[in-house]
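Taking it in order: structure first as structure tokens, then the write-up.
Numbering (the numbering used here), first residue to last: 19 to 421.
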């Protein structure tokens, strides 16, 4: 017998999820659809994904590769991922014991936090941080301890990081290239993090989903390549961002066998396995990408998009910050007179017709500055449409005055 819901009762849900709201990405995308706005908020490409990868998925489906995969991933994909890590970074992982395929990087993050955090233990995050990190820590019974990266440079404060470590600290979660700021952690900053991990016996969990979107002279350095870090690092990544197939949700985690075993124990009870034919297609994508010169072309196309949108935002007096990596541009909009960044994002979506993300969603406590995050993972026509609307807004008599 079902129990009728009591809409007036606040206690039907578990206390650990009571503070979770709707994802800011879902909220802003829904608002964009409602008002016909150009959506530069949620980070997904609106252009066709590579046809040769889609063809590989069709072949896998036609070959009836449609049943459950091995829980931790098809052998072909795990082997391809291990080979990629070795070729690009010199990192050696056993594909059978140290590579785990997940349903996107978000699931990999969630499974890793549940696998490694005991109730009451602390995880350090760098604010602003991707919005799934803190809920994952809370769901594991842990405590998120933020270390703030300050705009506009977003540099790491080594003293603040050291001060955040307590006897309860279990891990440090590092995102590079960084969402939402576009920061790429420097080799010197990574060395500071590595030194603290070694000295305090901490685990590092790294989110590196934008590894192939690093704009020179910035350079991506996996934390696991630093001395003494391979054995204490979980490297999380995603094929979805690299191959513009975000809806496929094929992510993965590379880690030493004991850490991988813990992650797999959670993963098997969250989704059991990811979609079999899509794993097979991604195995082909990862294997063939170097021969097709895919990564160089990918970066060149995104460099053009970044530079175009940067110029558009600068012309609209939105004070953009040029990103070193990922596919987002942060803007300082504090001079426009709005109450906060949420008010600005809603105004821009409903009145100007361009949707952006208010980055306060990436903080546990509101930041001192008002910012807006724009995504340039869009086709040229989308970016041009946004440019036209921002230009029209900028040409109004008093475009900077909040309503």
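For glycine and all other residues, C-beta sits at the position ideal for the given N, C-alpha and C.
The three-state secondary structure of residue 187, taken from DSSP, is strand.
Apart from sequence neighbours up to five positions away, the residues of its chain that approach residue 223 with a beta-carbon distance below 6 Å are 130, 189, 191 and 252, ordered along the chain. When rounded, the separation of the alpha-carbon atoms in residue 262 and residue 200 is 18 Å. Residue 348 is bridged by DSSP to 339 and 391. Here the segment 115 to 132 lies against the segment 281 to 289, with 3 or more beta-carbon pairs under 8 Å apart. About 25 Å separates the CB atoms of residue 272 and residue 346; that is not less than 8 Å, and the two are not in contact.
DSSP places residue 162 inside the beta strand (DSSP E), whose first and last residues are 161 to 166. In this structure, residue 233 places its C-beta atom within 9 Å of the C-beta atom of residue 317.
In the three-state reduction of the DSSP assignment, residue 144 falls in the strand class, which pools E and B. The continuous stretches of beta strand (DSSP E) do not include residue 215, which lies in the alpha helix (DSSP H) extending over residues 205 to 218.
Inter-residue distance for residue 168 and residue 320 is about 26 Å (C-alpha atoms, whole angstroms).
The count of Cβ pairs closer than 8 Å, one atom from the segment 35 to 54 and one from the segment 360 to 373, reaches three, so the stretches are in contact.
Looking at the DSSP output, residue 271 sits in a beta bridge with 118 and 254.
Exposure of residue 110 is indicated by the presence of fewer than 16 other C-beta atoms within 10 angstroms of its C-beta. Counted as a single uninterrupted DSSP element, the stretch harbouring residue 330 is not any beta strand (DSSP E) but the alpha helix (DSSP H) occupying residues 312 to 333. CA-to-CA, the gap between residue 35 and residue 308 works out to about 43 Å. Going by beta carbons, residue 148 and residue 195 fall outside the 9 Å limit. Residue 151 sits buried, since 16 or more C-beta atoms from the chains shown fall within 10 Å of its C-beta.
Counting every other CB atom within 10 Å of its CB across the protein chains shown gives residue 70 a total below 16, marking it as exposed. In the three-state scheme derived from DSSP, where H, G and I count as helix and E and B as strand, residue 149 is classed as coil. Ranked by Cα distance from residue 269, the options 138, 213 and 258 are led by 258. Excluding the 5 residues flanking it on each side, residue 43 has same chain C-beta neighbours closer than 8 Å at 59, 60, 61, 149 and 375, in chain order. The beta carbon of residue 283 is closer than 6 Å to none in its chain, skipping five residues each way along the sequence.
Boundaries of the beta strand (DSSP E) around residue 221: 221 to 225. Taking C-beta separations shorter than 8 Å and ignoring five residues to either side along the sequence, the partners of residue 86 in its chain run 290, 291 and 294, following chain order.
Distances from the CA of residue 297 to each of 377, 135, 121 and 324 were compared; the closest alpha carbon is that of 121. With 16 or more other Cβ atoms inside 10 Å of its own Cβ, residue 255 counts as buried.
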